[in-house]
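Trainee: Listed in order, the protein sequences are those of chains Z and U.
FYI, in the numbering used here the residues of the first sequence are 46 to 352.
FYI, in the numbering used here the residues of the second sequence are 139 to 279.
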Amino acid sequence: MSTMVTGIPKVFRQRYASLVDDPEAFFSCLGSMQPRSFRVNTLKSGRKHVVERFEGYGFEIKQVPWYRDAFVSAEPDVGSTLEHFTGEIYMQELVSMLPPVVLRKDLMKAKNVLDGCAAPGSKATQMAAIMGNMGLIVANDVSYSRIKALKFNQEKTGAANMVITNLDLRNFPQHNFDIVLLDAPCSAEGTIRKSCGISEMWSERHIKKLSSLQKQLIVKAFDLMSPGGLMVYSTCTFAPEENESVVNHLVEKRPARLEEIDVPGFRLSDPLQEWRGETFSEKIKNCIRVWPHHNNTGGFFMARVGK
Amino acid sequence: MKKEILHYFRERFGIPPSCFQTFSLYAASRGRIYVGPETTIPRPEPVSVGILAARTGNAIKPTTAILQLLGRHATRNIVRISRKDAEKFAGGQDLKAGETEATEGYVLVSYQDTPLGCGFLKGGTVRSMIPKAKRLQLKFL
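#1: So which residues of chain Z does Ala203(U) contact, with C-beta pairs closer than 8 Å?
#2: Would you identify the three-state DSSP class for Leu269(Z), choosing helix, strand or coil?
#3: Can you tell me whether Lys140(U) is helix, strand or coil according to DSSP?
#4: Output the boundary residues of the beta strand (DSSP E) element that contains Glu289(Z).
#5: Any beta carbon from chain U within less than 7 Å of Met179(Z)'s own beta carbon?
#6: Do Thr280(Z) and Phe217(Z) have their CB atoms nearer than 7 Å?
#7: Which word fits Pro253(U), buried or exposed, when buried means at least 16 other C-beta atoms lie within 10 angstroms of its C-beta?
#8: Would you say Gly262(U) and Ala235(U) are within 7 Å of each other, going by their C-beta atoms?
#9: Go to Ala164(Z), then tell me how far its beta strand (DSSP E) extends in each direction, as first and last residue.
#10: Can you round the beta-carbon distance between Pro316(Z) and Arg334(Z) to whole angstroms, since I take them to be within the 8 Å contact cut?
#11: How big is the Cα-Cα spacing for Ile53(Z) and Asp228(Z)?
#12: Let me know the alpha helix (DSSP H) ranges lying completely inside the region 143-189 of chain Z, each 4 residues or longer, listed in chain order.
#13: Which residues mark the beginning and the end of the beta strand (DSSP E) in which Val173(U) is found?
#14: Can you check the region 80-145 of chain Z for any beta strand (DSSP E) of at least 3 residues that lies completely inside it and give the ranges in chain order?
#15: Any chance the region 220-239 of chain Z sits against the region 193-200 of chain Z, with 3 or more Cβ pairs inside 8 Å?
#16: I'd like the span of the beta strand (DSSP E) that includes Val247(U), first residue to last.
#17: Tell me, please, whether the CB atom of Asn211(Z) is closer than 7 Å to any CB atom in chain U?
#18: Ser125(Z) CB to nearest chain U CB: under 7 Å?
#19: When the Cα atoms are used, what is the spatial distance from Val96(Z) to Pro300(Z)?
#20: Taking Cβ positions only, does Leu233(U) come closer than 7 Å to chain Z?
#21: So with CB distances below 8 Å, who are the chain U contacts of Met276(Z)?
#22: For Met46(Z), does the three-state DSSP call read helix, strand or coil?
#23: Please classify Ala205(Z): is it buried, with 16 or more other beta-carbons within 10 angstroms of its beta-carbon, or exposed?
#24: In three-state DSSP terms, what is Thr202(Z)?
#25: Which one or two residues does DSSP pair with Cys256(U) in a beta bridge?
#26: Report the rounded CA-to-CA distance for Gln171(Z) versus Ile153(U), giving the unit in angstroms.
#27: If you draw a straight line from the alpha carbon of Ile255(U) to that of Cys157(U), how long is it in whole angstroms?
#28: Chain Z partners of Lys277(U), CB-CB under 8 Å?
#29: Just to make sure I have the definition right: I need the residues of chain U whose C-beta is within less than 7 Å of the C-beta of Val183(Z). Which are they?
#30: Mind checking which residues open and close the beta strand (DSSP E) that includes Ala193(U)?
#31: Determine whether the beta carbon atoms of Ile82(Z) and Phe104(Z) lie at a separation below 7 Å.
#32: Cβ of Val208(Z) within 7 Å of Cβ of Ala266(Z)?
#33: What's the gap between the Cα of Lys253(Z) and the Cα of Pro285(Z)?
#34: Counting only C-beta atoms, is Phe116(Z) closer than 7 Å to chain U at any point?
#35: Quick one: which residues of the region 211-230 of chain Z get their C-beta closer than 8 Å to a C-beta of chain U? List them in chain order.
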C-alpha cells in the first residue's frame, strides 16, 4: 500500500487551478473532511427500517436527493451499529455510488454484467442490490489479495448473484455482457479528502503510465459488451490523461456512442475539450466530471458508452 | 446434494425452497455448498461462485452469511436474544440460551427480528459461530 503525503504538491495545484471554476473553493474543499456516507443494502433491509433504527440511536442522517438509498451522517459510530454488522447498510463514498445509479434502469433488465476491476466490491454489491440478486454479475479483479476484500463484502451484503474471477481484464476471454462497468485503476486524486493527502506515488509520470493501461482496458471492456450493450467508464481522479483522453482513445479505436448522463439533484460538470495540446472528439462532451466543492464529495469522472 | 440442502433449510429452519428459487447451488471442495446465480460463465473459471451457504460433512452446518440473508424467512430453531447478549454474540462470545423452543444443533440467533447469524446450541449454551473477521463490538443496537 502506498503511503500518503499530507498537503497538496505545488505541481498538483498548478495542474488544476486553471481547470476548475473556483480554485479557492476547490483547494479549500480538498483540505476539509468529507462527510461519511452509506447506502441501505436493499438485499437485506429497507430505507424506512434503517431510518427508524438510526433515529432511535439519536443519529442525524440525511438522505441525498439523487439516490434514495444513500445517506450522509456526521456520526462517527455508523460503523459500530447493528445494521453495519448485519450488512443492512454498506459504508460507501457518495461518488462511488454514481456508476450503478446511472445504470440503474439498465441493470434492472440486465441478464449479465461485468465489473472489470471490482475489488473491494462496493459498486458490484450495489449493482447486485439494484438487480435484486437476479441475473449474473461477474466481479473480476486482477489482484488476488484484493479479492479477499471483495469476497468479504459479497458475503456481508448477501450478493449471491455474483461470481468472482481473478484475471487481468486485458486477457479476459470473449463474452457478450449486457453491461460492463470499468471503474479503472487510477491515481485517485479525487480521494484526497478521504485519505487526508495525496499518494506518495503521485507524479505526472505515474499518471501517464496509468493512462496507457486505462486505454488498453477501455478498448477491451468495449469489446466485451454485446451489441446494444452499455458500459460505464469511471475514475476517481481529476487527471485528463486518465479521463477524457482515455475515452477519446476509445472513440478513435471503436464505433463507441457516448450517451448523456443526468443525475437529477446532483451537480455534474462538463468535461474538458482539450488538454495540453490534445483536442478531444465532439463526442466527449457527454462525459461528466464531479468536482468535490460542488456537492461536498470526492472527485469523479464518468462516461456512459453504448455499442 | 441440492435436494438435501433445500430439505435441511426447510426442516431445520422452516426456510422454504422458494427462497432459493432464483439461485443455483454449487458444490465446491471440502464439502462447501455455495448459493449463486442461476447461470455462470465457463471461462475464466471463477475463483468463487455466490456466497457460502453451508458446509457438509458429518452434519450440515449453515453459515452466518446465508442465515443473515434468508433468516427472516425462518420459523423455527430461532434463539431470540436480548440487547446485552446481542452485543456479546456479535463479538464472538458464547451465551446462555435461556428459555427457548429451539432444539440442540445449529440455530439462527436473532435480535428484535433481525437475523444476527449462526449459533450452535448445546447444553443450554449458544456458541457464537460468527467468523472472526466479521465480529464487531457493537455500540448501537
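Ideal Cβ placement from N, Cα and C applies to all residues, glycine included.
Mentor: The structure says:
#1: Against chain Z, a Cβ distance below 8 Å from Ala203(U) picks out Glu200, Lys201, Gly203.
#2: In the structure shown, Leu269(Z) adopts coil according to DSSP, grouped into three states.
#3: Reduced to three states, the DSSP call for Lys140(U) is helix.
#4: That residue, Glu289(Z), is in no beta strand (DSSP E); its alpha helix (DSSP H) goes 289-298.
#5: Yes, contact with chain U.
#6: It is not a contact, given that the beta carbons lie outside the stated cut-off.
#7: Buried, since its Cβ has 16 or more Cβ neighbours within 10 Å.
#8: Pairing Gly262(U) with Ala235(U) gives a Cβ-Cβ distance under 7 Å.
#9: It is not in any beta strand (DSSP E) - Ala164(Z) carries neither H nor E in the DSSP assignment.
#10: Rounded, the Cβ-Cβ distance is 6 Å, consistent with contact.
#11: Each residue's Cα considered, the two are about 24 Å apart.
#12: For the region 143-189 of chain Z, the full-length alpha helix (DSSP H) segments reaching 4 residues or more read 143-147, 149-154, 167-175 along the chain.
#13: In the DSSP assignment, Val173(U) falls within the unbroken beta strand (DSSP E) covering 170-175.
#14: With a minimum length of 3 residues, the continuous beta strand (DSSP E) runs that stay inside the region 80-145 of chain Z are 81-85, 106-109, 112-118, 134-136.
#15: Short answer: they don't touch.
#16: That run of the beta strand (DSSP E) goes 243-249.
#17: Using a Cβ-Cβ cut-off of 7 Å, Asn211(Z) counts as an interface residue toward chain U, since at least one Cβ of chain U sits closer than that to its own.
#18: Chain U, which has a Cβ nearer than 7 Å to the Cβ of Ser125(Z), makes this yes.
#19: About 45 Å.
#20: Output row for Leu233(U): interface = no.
#21: The contacting residues do not exist; Met276(Z) stays about 18 Å from chain U at best.
#22: Note that Met46(Z) has pLDDT 43, beneath the 50 cutoff, so the model's placement of it is unreliable and the number below is only indicative. The answer is coil: DSSP assigns Met46(Z) none of H, G, I, E or B.
#23: Buried, because 16 or more other Cβ atoms sit within 10 Å of the Cβ of Ala205(Z).
#24: In this structure, Thr202(Z) counts as helix in the three-state DSSP scheme.
#25: Its beta-bridge partners are Leu246(U).
#26: The alpha-carbon atoms of Gln171(Z) and Ile153(U) are separated by roughly 25 Å.
#27: It is Gly, not Ile, that sits at residue 255(U) in the sequence shown. Inter-residue distance for Gly255(U) and Cys157(U) is about 17 Å (C-alpha atoms, whole angstroms).
#28: Residues of chain Z whose Cβ lies closer than 8 Å to the Cβ of Lys277(U) are, in chain order, Asp122, Ser125, Thr126.
#29: In chain order: Ile179.
#30: Checking the sequence, you will find Arg at residue 193(U) rather than Ala. Its beta strand (DSSP E) spans residues 189-193.
#31: Before going on, a small fix: residue 82(Z) reads as Ser here, not Ile. Judged by beta-carbon spacing, Phe104(Z) lies beyond the 7 Å limit of Ser82(Z), meaning their Cβ atoms are not closer than that value.
#32: No, they are not a contact pair.
#33: Between the C-alpha atoms of Lys253(Z) and Pro285(Z) there is a straight-line separation of about 10 Å.
#34: With its beta carbon at least 7 Å from every one in chain U, Phe116(Z) lies outside the interface.
#35: Per Cβ criterion, the list reads Asn211, Leu212, Phe217, Pro218, His220.
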